[in-house]
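Going down the list, the sequences are from chains A and B. In this text, residue positions in the first sequence follow our numbering: the first is 2, and each later residue adds one. In this text, residue positions in the second sequence follow our numbering: the first is 9, and each later residue adds one. Beta carbons are placed, not taken as given, at the ideal position from N, Cα and C, and that holds for glycine. In this text, all values refer to a predicted model and were calculated from it rather than measured experimentally. One structure is given here, and the rest of the page talks about it.
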Amino acid sequence: MFGFSRAQAIAFAIMLAAIAAAPSVLYPVFLMKVLCFALFACAFNLLIGFAGLLSLGHAAYFGMGSYVAAYAAKTWGVSAEIAILLGGLVGAAIGLVFGWLAIRRQGIYFAMITLALSQMIYFFCLEAAFTGGEDGIQQVPRAALFGLIGMKSDMALYWLIAGVFVLGFLLIHRIVHSPFGQVLTAIRENEPRAISLGYRVDDYKLLAFVLSTFLSGIAGGAKSQVFGIATLTDVHWSMGGEVVLMTLLGGIGTIFGPLVGALVFGSLETYLAQFGDWVTVTQGGIFILCVIAFRRGIVGEIGNRLRLVL
Amino acid sequence: MIMIFGKPLMLLYGQLTLGLINGSFYALLSLGLAVIFGLLNIINFAHGALFMLGAFVTWGLLQYLGIGYWAALVIAPLVLGVFGVVLERFLIRRLYGLDHLYGLLLTFGCALVIEGLMRNNFGSSGVPYAIPSALQGPLNLGFMVLPRYRAWVVLAAAAMCLVTWLLIERTRLGATLRAATENAPLVQAFGVNVPRLITLTYGAGCALAAFAGVLAAPMNSVNPNMGSNLIIVVFATVVIGGMGSILGSIITGFGLGIIEGITKVYYPEGSATVVFVVMVIVLLLRPAGLFGKAA
Chain A
2 MFGFSRAQAI AFAIMLAAIA AAPSVLYPVF LMKVLCFALF ACAFNLLIGF AGLLSLGHAA
62 YFGMGSYVAA YAAKTWGVSA EIAILLGGLV GAAIGLVFGW LAIRRQGIYF AMITLALSQM
122 IYFFCLEAAF TGGEDGIQQV PRAALFGLIG MKSDMALYWL IAGVFVLGFL LIHRIVHSPF
182 GQVLTAIREN EPRAISLGYR VDDYKLLAFV LSTFLSGIAG GAKSQVFGIA TLTDVHWSMG
242 GEVVLMTLLG GIGTIFGPLV GALVFGSLET YLAQFGDWVT VTQGGIFILC VIAFRRGIVG
302 EIGNRLRLVL
Chain B
9 MIMIFGKPLM LLYGQLTLGL INGSFYALLS LGLAVIFGLL NIINFAHGAL FMLGAFVTWG
69 LLQYLGIGYW AALVIAPLVL GVFGVVLERF LIRRLYGLDH LYGLLLTFGC ALVIEGLMRN
129 NFGSSGVPYA IPSALQGPLN LGFMVLPRYR AWVVLAAAAM CLVTWLLIER TRLGATLRAA
189 TENAPLVQAF GVNVPRLITL TYGAGCALAA FAGVLAAPMN SVNPNMGSNL IIVVFATVVI
249 GGMGSILGSI ITGFGLGIIE GITKVYYPEG SATVVFVVMV IVLLLRPAGL FGKAA
């Protein structure tokens, strides 16, 4: 019903089973972090993998989503789903403006513009009153779902985050396999041809951009609910680099790649956290390795070996 | 005291020179980016990291070898030029013929590795580097007093921009370079070793970044993050100017520095973002950039 092939349906079933079983093996907070990153990477992949647009500034939407959700939950005391949704809406609103500006240029320029615009958001967050500057928004309460179901326990929140991720994942899959998604792919493959066929290429790109930034904001909002904090780290350009890395590592343009990439990346980050800046060095090394020798990414490589589209 | 629009003239002068200095760095770095982009068609994300390495090589030369500023002005660009040649020869070369975005991602990875390693060794606060004795002290220009080193930075950067421009626009080597930018296969058919030209161009771009790094070393502390903060502004500069013209990069760089300086006087809160605001305005009015050709 979502346009899954048989292999994809099986992989999806395995994914659901893994999400259900994982918290009995691994630390739930770690898993929630991975799922937030995975949703973020899936949203990013929608742009680069299916529309061929490389945004280096996705930290802006993730970070603003995180700030807004944290602010709403802490100051207005809204329920969990409203907080996360607000994060997504703010991400989409900024994405609408920035996307409208950035799609005026292509390729490398597009990447540079998105990066520069996200740096603007970073400076805004540094100075604005509501973000708390260097301190960020701390001690954000975990809001109850629909104002009823308490999210104080890690497991309750885990199911919510898992639900948000799966919904986002299915939404992206649906978008990619809709007529709209096919036009996006056409634009990625041959933009002049798509234009000559009468498609308003810019409108398609902009809608893809807004959808991607919406889901990035959702991911950011979810993350601030998990950790109870929203800081400048989430809007810093390095976060925008990390999401590129997760997607590249898992496999650009694959359905399951971003999740795998986020899992590997999250594990690396947690494992290497004690070694200070070796995290950055390792990230850079993986970047170089992926680009030189491993451009399909983990899932892309597996799919290629098995002759499947995953 | 003389006032301009309610601000002391001296304050305006001070910020204008600071703006000119920032502009010097924008111009030097965006110039290097433009030269590299012209021939290699990649955006060198490692440019900021190379700038930072230039400053650290300057510091290291003095610290470990006792070699001073003036020699470093030549040695550091040479060292990083060679580094760039190696980088191009062994990594970047593998990506020709692929989507240009891979070049961006590769150099981004290089920047992360370099910056991470330097932070591991030197921490985030960095190390101090003294202004060379010949350039210490103030310089009285009659209408204002200027630290001598600042005047030197602007002059040296402007001179280096001029030299690069002359080299590209007025020499035979530059003509070959421009021809290869237009149509590499044809130039190769005339017997020019284009792959070597590409390698050397990348090296030269890196050397230019390192030169800027040497100039920057005595300004503040030499620290591992000095490049990454700057490079994003330089990217905005490149978007504003367009990478089509060498002179365009230089003018845009200095111009943006001055605009930033003026903003610091009249609206300090906006000084960090003014370059990005200018970028937005340019994108709205002239999407191809001030000096760019429409794509």
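Chain A contact for residue i (CB, 8 angstroms cutoff)
{"i": "V246/B", "result": "yes"}
{"i": "Y110/B", "result": "yes"}
{"i": "I267/B", "result": "no"}
{"i": "M234/B", "result": "no"}
{"i": "F284/B", "result": "yes"}
{"i": "V94/B", "result": "no"}
{"i": "N128/B", "result": "yes"}
{"i": "L170/B", "result": "no"}
{"i": "L36/B", "result": "no"}
{"i": "A303/B", "result": "Here the model assigns A303/B a pLDDT of 47, short of 50, so the residue's position is not dependable, and the following value carries that caveat. With 8 angstroms as the cut-off, A303/B counts as an interface residue toward chain A."}
{"i": "A280/B", "result": "yes"}
{"i": "V5/B", "result": "Summary: the structure shown does not reach residue 5/B, with chain B confined to residues 9 through 303, and so no result is reported for it."}
{"i": "I51/B", "result": "yes"}
Residues bridged to residue i (per DSSP)
{"i": "I138/A", "result": "A231/A"}
{"i": "P146/B", "result": "P155/B"}
{"i": "K15/B", "result": "I12/B"}
{"i": "L208/B", "result": "Answer is none; L208/B lacks a bridge partner."}
{"i": "I150/A", "result": "L146/A"}
{"i": "V230/B", "result": "V135/B"}
Interface flag, residue i vs chain B, CB-CB below 8 angstroms
{"i": "Q352/A", "result": "One cannot answer for residue 352/A here, as it falls past the ends of chain A, which runs 2 to 311."}
{"i": "R194/A", "result": "no"}
{"i": "A60/A", "result": "no"}
{"i": "D204/A", "result": "no"}
{"i": "M240/A", "result": "no"}
{"i": "D278/A", "result": "yes"}
{"i": "A130/A", "result": "no"}
{"i": "I188/A", "result": "no"}
{"i": "I289/A", "result": "yes"}
{"i": "V310/A", "result": "no"}
{"i": "L260/A", "result": "no"}
{"i": "F124/A", "result": "yes"}
{"i": "L158/A", "result": "no"}
{"i": "L55/A", "result": "yes"}
{"i": "D235/A", "result": "no"}
{"i": "G301/A", "result": "no"}
Nearest-angstrom Cα separation, counted from residue j out to residue i
{"i": "A303/B", "j": "A296/B", "result": "Caution is warranted here: a pLDDT of 47 is assigned to A303/B, below 50, making its placement in the model unreliable, and the coordinate value is therefore given only provisionally. Going by the C-alpha atoms only, they are around 7 angstroms apart."}
{"i": "L17/A", "j": "L208/B", "result": "52 angstroms"}
{"i": "H174/A", "j": "A220/A", "result": "16 angstroms"}
{"i": "L223/B", "j": "T25/B", "result": "15 angstroms"}
{"i": "V1/A", "j": "P259/A", "result": "In this structure chain A extends from 2 to 311, so residue 1/A is not present and cannot be described."}
{"i": "N305/A", "j": "G53/A", "result": "20 angstroms"}
{"i": "L20/B", "j": "F131/A", "result": "32 angstroms"}
{"i": "F198/B", "j": "V171/B", "result": "27 angstroms"}
{"i": "I293/A", "j": "Q120/A", "result": "28 angstroms"}
{"i": "W160/B", "j": "L118/A", "result": "33 angstroms"}
{"i": "I254/B", "j": "L39/B", "result": "6 angstroms"}
{"i": "G92/B", "j": "G145/B", "result": "35 angstroms"}
{"i": "F116/B", "j": "F111/A", "result": "16 angstroms"}
{"i": "E192/A", "j": "H178/A", "result": "19 angstroms"}
{"i": "F53/B", "j": "M11/B", "result": "42 angstroms"}
Contact list for residue i against chain B, beta-carbon separation under 8 angstroms
{"i": "G108/A", "result": "H108 and L109"}
{"i": "Q284/A", "result": "G117, L120 and G124"}
{"i": "V211/A", "result": "Within chain B, no residue comes near V211/A; the closest Cβ sits about 18 angstroms away, beyond 8 angstroms."}
Under 9 angstroms from the C-beta of residue i: neighbouring residues of chain B
{"i": "L249/A", "result": "L113"}
{"i": "V265/A", "result": "Going along chain B, no residue has its Cβ under 9 angstroms from V265/A, so there is no contact; the nearest lies around 16 angstroms."}
{"i": "V227/A", "result": "Under the 9 angstroms cutoff, chain B gives no residues; its nearest Cβ is about 26 angstroms from V227/A."}
{"i": "V244/A", "result": "None at all; the shortest Cβ gap to chain B is about 12 angstroms."}
Chain B contact residues for residue i, given Cβ-Cβ distances below 7 angstroms
{"i": "Q120/A", "result": "I240 and F284"}
{"i": "R201/A", "result": "Under the 7 angstroms cutoff, chain B gives no residues; its nearest Cβ is about 17 angstroms from R201/A."}
{"i": "T255/A", "result": "Result: empty, since nearest Cβ-Cβ is about 17 angstroms, beyond 7 angstroms."}
Interface residues of chain A facing residue i [CB-CB closer than 7 angstroms]
{"i": "R102/B", "result": "I293"}
{"i": "F243/B", "result": "M113, L116 and A117"}
{"i": "P295/B", "result": "R105 and R106"}
Contacts of residue i in chain A (Cβ-Cβ under 8 angstroms)
{"i": "I254/B", "result": "Ordered by position in chain A, no residue passes the 8 angstroms Cβ test against I254/B, which lies about 18 angstroms from the chain."}
{"i": "E277/B", "result": "E128"}
Contact set between residue i and chain A, taken where Cβ atoms lie within less than 9 angstroms
{"i": "L291/B", "result": "L102, A103, R105, R106 and I114"}
{"i": "L99/B", "result": "I289, V292 and I293"}
Residue-chain proximity (residue i, chain C), Cβ-Cβ < 8 angstroms
{"i": "T281/A", "result": "Chain labels in this structure do not include chain C; the protein chains are A and B."}
Length at least 4, wholly inside the segment 162-214 of chain A: the alpha helix (DSSP H) runs in chain order: 180-190 and 192-197
Contiguous beta strand (DSSP E) assignments of at least 3 residues, all confined to the segment 48-74 of chain B: none
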